[in-house]
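Engineer:
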Amino acid sequence: MKDKLLVFKGLWNPTTVAGPGGHYPKMNVLSGLTVKQTTTDVQVGTTMDQLMAQELGKNTPVSSIVLGTEGPKYSTDSGYTSIYSAYISWSSPTAPAPKEIYPQQAFDQLFDDGSKRKRDKSVLDLVLGDANSLRNKVSRRDA
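Residue numbering for the sequence shown follows the working numbering, beginning at 12 and increasing consecutively.
1) Note the first and the last residue of the continuous alpha helix (DSSP H) segment covering S144.
2) Where DSSP assigns a beta bridge to T92, which residues make up the other side?
3) May I ask which residues mark the beginning and end of the beta strand (DSSP E) holding S102?
4) Where does N66 sit, in a helix, a strand or coil, going by DSSP?
5) Given a cut-off of 8 angstroms, decide if V46 and T105 are closer than it, judged by their beta-carbon atoms.
6) Within this structure, are the beta carbons of Q65 and A108 separated by less than 8 angstroms?
7) Which residue wins for smallest C-alpha separation from E81, given the options S89, G90, N143, I94?
Put into structure tokens, the structure is as follows:
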């Protein structure tokens, strides 16, 4: 498995995280830029994942999907807004990329084909149904 993993090193950028602010201003690993010390206006920089999505996403049904575990909670820390730590991915210097925190919604964005399939079935049931529908369409050798 070691040959199949990408391990990023050297992401620490002391020029962007020096000074006060605790956790909030340090969530800029994907942009590498200094965050703006403010509780109202935000400024980070477009993150590398979104720069890639802008280019590569032109050829895909979903240009980018940003996953999260919780919605943003607004507070401040040493003069920084918590929005910096609520989002790691930014679609522009002042706008975080919308994140999806519900697994079913993320799945639907990636795989829903617009059909009226029943939502009470598991993914395995849906895949099995699709596989079974191919039985009459493929040769014995392919089955």
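Positions of the beta carbon are idealized from the N, C-alpha and C atoms, including for glycine. Here the structure is a predicted model, which is why all the values come from computation and not from measurement.
Structural biologist: Checking against the coordinates, here is how it stands:
1) Along the sequence shown, one-based indexing puts residue 144 at 133. 134-144 is the span of the alpha helix (DSSP H), which, as asked, contains S144.
2) Numbered from its first residue, the sequence shown carries residue 92 at position 81. In the DSSP output, where bridge partners are listed per residue, T92 has T87.
3) Position 91 of the sequence shown, counted from the start, is the residue given in the question as residue 102. Looking at the DSSP string, the run of the beta strand (DSSP E) that includes S102 is 101-103.
4) Residue numbering aside, residue 66 sits at position 55 when the sequence shown is read from its first letter. It should be noted that the sequence gives Glu, not Asn, for residue 66. Secondary structure of E66 (DSSP, three-state): helix.
5) As a position in the sequence shown, residue 105 is number 94, starting the count at 1. As a position in the sequence shown, residue 46 is number 35, starting the count at 1. It is not a contact, given that the beta carbons lie outside the stated cut-off.
6) Within the sequence shown, the letter at position 54 stands for residue 65. Within the sequence shown, the letter at position 97 stands for residue 108. For Q65 and A108, no; Cβs fall outside 8 angstroms.
7) Your numbering for residue 81 matches position 70 in the sequence shown. Of the candidates S89, G90, N143, I94, the one whose C-alpha sits nearest the C-alpha of E81 is I94.
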